[in-house]
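Enquirer: Just passing along the structure, written as structure tokens.
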Amino acid sequence: MANCIYQYSVLGALMNGICQDGTTAQNILNHGDHGIGTIRGLNGELVIIDGVAYHFPANGPLRPVEATDIIPFAMTTRFQPTLTSHVPCISMSTLFDSLLPVFPDEQNVFLSIRLVASFSRVIFRVIPAQSKPRESLLDLAKKQEIRECTCIQGTLFGFWSPRYTSGFSIPGFHMHLLSADRTVGGHVIDFNAEDGQLAAAVVRNYQVELPASEEFREAPLNCVKEQDLHAAEGSPAPR
Numbered sequence: 002m003a004n005c006i007y008q009y010s011v012l013g014a015l016m017n018g019i020c021q022d023g024t025t026a027q028n029i030l031n032h033g034d035h036g037i038g039t040i041r042g043l044n045g046e047l048v049i050i051d052g053v054a055y056h057f058p059a060n061g062p063l064r065p066v067e068a069t070d071i072i073p074f075a076m077t078t079r080f081q082p083t084l085t086s087h088v089p090c091i092s093m094s095t096l097f098d099s100l101l102p103v104f105p106d107e108q109n110v111f112l113s114i115r116l117v118a119s120f121s122r123v124i125f126r127v128i129p130a131q132s133k134p135r136e137s138l139l140d141l142a143k144k145q146e147i148r149e150c151t152c153i154q155g156t157l158f159g160f161w162s163p164r165y166t167s168g169f170s171i172p173g174f175h176m177h178l179l180s181a182d183r184t185v186g187g188h189v190i191d192f193n194a195e196d197g198q199l200a201a202a203v204v205r206n207y208q209v210e211l212p213a214s215e216e217f218r219e220a221p222l223n224c225v226k227e228q229d230l231h232a233a234e235g236s237p238a239p240r
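What follows is the structure in structure tokens.
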């Protein structure tokens with residue numbers, strides 16, 4: 002079904018360092034053609050564009066994801082936009098306003114968002130992979146690198162999640178980018194772009210599959226503070 006979200010695991014599990022087990026990349030791709038996620042051990046970022054998954058390791062070049070790669074967390078959808086718009090200029094700070102045609106009566110649902118544009122500036126957050134069991138996403142974020150790229154063509158994809166989903170997802174925007182030449186990408190915390198084609202869809206069907214692993218079953222998962230989620234993800238809180 003189009004414009005449903007299939008999510009494997011919850012962000013609260015990553016916050017508790019639960020990311021050694023998971024499902025396969027093939028299972029994620031069976032549920033959608035666009036999405037975001039991470040790889041076993043939090044070793045970099047995952048983005049799915051047009052049915053192909055790419056991995057941006059913490060260290061090393063971008064690579065296509067193998068069908069058997071283990072994915073501890075992902076959100077994916079069969080993307081069919083209900084809003085399309087040309088945006089001469091857009092940034093992370095104006096993305097919300099650009100989506101206002103969707104938002105007035107849709108504050109409590111998800112949005113899937115795709116932006117194809119010329120990016121004059123993109124800021125990526127890069128965290129190292131886990132160096133020990135149960136090392137949390139928040140602890141790894143304290144060792145993150147901030148990288149900047151300029152003058153690239155690419156596709157930005159991700160989701161806007163409502164505030165009440167905190168702990169399942171990250172409230173607000175969670176966006177990953179893939180460059181047109183398939184050499185650059187990752188978790189985006191800020192951007193400026195021109196000549197963009199913005200597309201979005203309202204998502205009211207949200208399916209979460211919880212891991213069956215011993216790692217997940219035995220972990221005492223508690224509520225996660227929203228400010229800790231945004232600190233770990235490097236993303237601004239929603240308005």
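Under our numbering, think of the first position of the sequence shown as 2, with each following residue one higher.
We put the beta carbon where it would ideally sit given N, CA and C, even for glycine.
Thinking C-alpha only, which one of GLN208, PHE111, PHE169 is nearest HIS231?
Expert: If we check each option's Cα against that of HIS231, PHE169 comes out closest.
Enquirer: Please report the straight-line C-alpha distance between CYS5 and VAL117, rounded to a whole angstrom.
Expert: Rounded to whole angstroms, CYS5 to VAL117 spans 21 Å at the Cα level.
Enquirer: Please classify GLN81 as buried or exposed, where buried requires at least 16 other C-beta atoms within 10 Å of its C-beta.
Expert: When all chains shown are included, GLN81 counts as exposed.
Enquirer: With a 10 Å radius around its C-beta and 16 neighbouring C-beta atoms as the bar for buried, classify CYS150 as buried or exposed.
Expert: The residue in question, CYS150, is buried, as its Cβ has 16 or more Cβ neighbours within 10 Å.
Enquirer: Quick check on this structure: which residue in LEU157, ALA220, THR83 has the alpha carbon closest to the alpha carbon of SER92?
Expert: When each option's Cα is compared against that of SER92, the closest is LEU157.
Enquirer: Mapping the DSSP letters down to three states, classify SER137 as helix, strand or coil.
Expert: It is coil, neither helix nor strand.
Enquirer: I'd like the ranges of any alpha helix (DSSP H) spanning at least 4 consecutive residues and lying wholly in the segment 163-230.
Expert: Counting whole runs of 4 or more residues, the segment 163-230 contains the alpha helix (DSSP H) stretches 215-219.
Enquirer: Pop quiz: ILE37 and GLY159 are said to be a contact at Cβ under 8 Å. What is the actual Cβ separation, rounded to whole angstroms?
Expert: With a Cβ gap of about 5 Å, ILE37 and GLY159 count as contacting.
Enquirer: Can you name the residues that DSSP bridges to CYS20?
Expert: Answer is none; CYS20 lacks a bridge partner.
Enquirer: Can you list, in chain order, the residues of its chain whose CB lies under 7 Å from that of ALA59, leaving out five sequence neighbours each side?
Expert: ASN44, GLY45, VAL127, ILE128, PRO129, ALA130, listed in sequence order.
Enquirer: Under a three-way DSSP split, which group does THR95 fall into?
Expert: Helix, per DSSP.
Enquirer: Would you grab the beta carbon distance between LEU178 and VAL123 for me? Rounded to a whole angstrom, and I think it's under 8 Å.
Expert: The pair is a contact, with the Cβ atoms about 6 Å apart (cut-off 8 Å).
Enquirer: How many angstroms separate the CA atom of THR85 from the CA atom of LEU96?
Expert: Spanning the two alpha carbons is a distance of roughly 13 Å.
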